[in-house]
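Undergrad: My structure is below; once you've seen it, I'll send some questions.
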Amino acid sequence: MKVKDRNIIIISLILIIILGTVAVTIGSVSLSPIHVWKILANKLSNKEIFSIEWKKSTEMIVWNLRVPRVILALLGGAGLSLVGILMQALTKNSLASPYILGISSGASTGAVISIVLGSILGISFSPGVGAFVFGTFTAFLVFYLAGNGGYSSTKLVLIGVAVSSLFSGITTFLVTTAKNESQLRGAMFWISGSLAGARWESLMTLFLVLLISAILVIFKYRELNILIAGDELAETLGVDVKKLRFFIVIISTFLTGFIVSATGVIGFVGLVIPHICRGLVGSNHKRLIPCAILLGALFLLGTDTLTRVMFKTQEIPIGVVTSMLGAPFFMSMLRKNSYNFGG
Numbered sequence: 001m002k003v004k005d006r007n008i009i010i011i012s013l014i015l016i017i018i019l020g021t022v023a024v025t026i027g028s029v030s031l032s033p034i035h036v037w038k039i040l041a042n043k044l045s046n047k048e049i050f051s052i053e054w055k056k057s058t059e060m061i062v063w064n065l066r067v068p069r070v071i072l073a074l075l076g077g078a079g080l081s082l083v084g085i086l087m088q089a090l091t092k093n094s095l096a097s098p099y100i101l102g103i104s105s106g107a108s109t110g111a112v113i114s115i116v117l118g119s120i121l122g123i124s125f126s127p128g129v130g131a132f133v134f135g136t137f138t139a140f141l142v143f144y145l146a147g148n149g150g151y152s153s154t155k156l157v158l159i160g161v162a163v164s165s166l167f168s169g170i171t172t173f174l175v176t177t178a179k180n181e182s183q184l185r186g187a188m189f190w191i192s193g194s195l196a197g198a199r200w201e202s203l204m205t206l207f208l209v210l211l212i213s214a215i216l217v218i219f220k221y222r223e224l225n226i227l228i229a230g231d232e233l234a235e236t237l238g239v240d241v242k243k244l245r246f247f248i249v250i251i252s253t254f255l256t257g258f259i260v261s262a263t264g265v266i267g268f269v270g271l272v273i274p275h276i277c278r279g280l281v282g283s284n285h286k287r288l289i290p291c292a293i294l295l296g297a298l299f300l301l302g303t304d305t306l307t308r309v310m311f312k313t314q315e316i317p318i319g320v321v322t323s324m325l326g327a328p329f330f331m332s333m334l335r336k337n338s339y340n341f342g343g
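When we follow UniProt numbering, the leftmost residue of the sequence shown carries the number 1, and every step to the right adds one.
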């Protein structure tokens, strides 16, 4: 491991610990960092290592509300950054991300439809399932349309933007016609993105999906490096391009679906972080993938923590904040024309 890579890992982990501690202590109820770490030590060891000198409500706030939120921020940021790496390798275009290609918007529409239909029919539909199904459908739709008449990365991005606009329009229509406040509040969660709904039950599933995806992708780092050089060269060097594309689409779709089902739409993480990591460690996916996972986790946790420090008594949707940060970055890349690999 290179010294630069080791430094990035060490600094990122230290910042994650610091930000995680701050994130758990702040809020409408301020907590002592010492109490937070004592509670965590007792919970993780399943023993009373430290004598209980805090209220039961404090322990519930730490363990049931704030720690799951921190973990969801880490998993969501890491997963979205990993998907961004995959999609950019597939399209050979650093503008590609689950948000830009419309997968996140499709998943959001699925969640909102589940909420509205459930209310109308009086049946309980899971928004998470709706998000996953529609996210998967959107991904295959975008790649199918992009493959007609000859595949190109620019065409894929343009179709993704068009499909994203379509689903955003459908979602907006459903929100504006929502008949009660409960529908509206539930729909806004999926549109704007939020970490407030973090629960232990869903975190383990998301962790396993991310872990398996990351391991599978890291084993493919050589093929991803070759793919960026061009399809013809990749095939000449023995890479099954069609099979690799299918692998990327499947991993990206499933991972995005699981993340959006837990957080709603959080834009631009998968666009910004891979670009920053390429500037730090280069385009070798052996180094790029771990960097993106770490910095993605750090970015989303840092953004959420900063927002909560600034607005202690108000819940600001994290997707709104990442969009405000990411949109100028996106426009800057367009202006500099710095989004095609190798050119």
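Glycine is no exception: its CB is placed at the ideal position from the N, C-alpha and C atoms.
As the structure is a prediction and not an experimental result, all values here were calculated from the model.
1. Using 10 angstroms around the beta-carbon of residue 176, count the other beta-carbons present and answer buried if the total reaches 16, otherwise exposed.
2. Taking the alpha-carbon positions, what's the residue 294 to residue 42 distance?
3. Whole angstroms is fine: what's the gap from residue 262's alpha carbon to residue 36's?
4. Between 31, 80 and 4, which has its C-alpha nearest residue 298's C-alpha?
5. Just checking, does the region 190 to 204 make contact with the region 134 to 149 on the three C-beta pairs under 8 angstroms criterion?
6. Indicate the three-state DSSP secondary structure (helix, strand or coil) for residue 93 in the structure shown.
7. Would DSSP call residue 177 helix, strand or coil?
8. Are residue 271 and residue 281 touching if we call contact CB-CB under 8 angstroms?
9. Taking all protein chains shown into account, do 16 or more other C-beta atoms lie within 10 angstroms of the C-beta of residue 99, making it buried, or fewer, making it exposed?
10. Any idea what DSSP makes of residue 156, helix, strand or coil?
11. Out of 78, 5 and 12, which has the shortest C-alpha to C-alpha gap to residue 258?
12. What would DSSP say about residue 136, mapped onto helix, strand or coil?
13. Mind checking which residues open and close the alpha helix (DSSP H) that includes residue 206?
14. If you run the structure through DSSP and keep just helix, strand and coil, what is residue 55?
15. Using only alpha-carbon positions, find the residue among 89, 198 and 291 that is nearest to residue 9.
16. Give the secondary structure of residue 235 by DSSP, where H, G and I count as helix, E and B as strand, and everything else as coil.
17. With residue 33 as the anchor, note down where its alpha helix (DSSP H) starts and where it stops.
18. So, helix, strand or coil for residue 48, using DSSP?
19. If you check the beta carbons only, do residue 23 and residue 70 fall under 8 angstroms apart?
20. For residue 53 and residue 65, I'd like the C-alpha separation in whole angstroms.
21. Tell me the rounded alpha-carbon separation between residue 330 and residue 27.
22. In chain order, what residues of the same chain have a beta carbon less than 7 angstroms from the beta carbon of residue 301, not counting five sequence neighbours either side?
23. Note the first and the last residue of the continuous alpha helix (DSSP H) segment covering residue 3.
24. Mapping the DSSP letters down to three states, classify residue 83 as helix, strand or coil.
25. Alpha carbon to alpha carbon, how far is residue 12 from residue 6?
26. Check whether the region 304 to 321 touches the region 81 to 93, taking contact to mean three or more Cβ pairs, one atom from each stretch, closer than 8 angstroms.
27. Just the C-alpha distance for residue 59 and residue 85, rounded to the nearest angstrom, thanks.
28. Between the Cα of residue 209 and those of 146, 255, 55 and 228, spot the shortest distance and give me the residue it belongs to.
29. Cα-Cα, which of 62, 40, 245 and 217 is closest to residue 230?
30. Please list, in chain order, all residues of the same chain as residue 88 whose beta carbon is under 7 angstroms from its beta carbon, the five residues on each side excluded.
TA: So, to answer that:
1. exposed
2. 27 angstroms
3. 25 angstroms
4. 80
5. no
6. strand
7. coil
8. no
9. buried
10. helix
11. 78
12. helix
13. 200 to 218
14. coil
15. 291
16. helix
17. 33 to 45
18. coil
19. yes
20. 20 angstroms
21. 31 angstroms
22. 16, 19, 20, 23, 70, 73, 74 and 77
23. 3 to 25
24. helix
25. 10 angstroms
26. no
27. 38 angstroms
28. 255
29. 245
30. 94, 96 and 274
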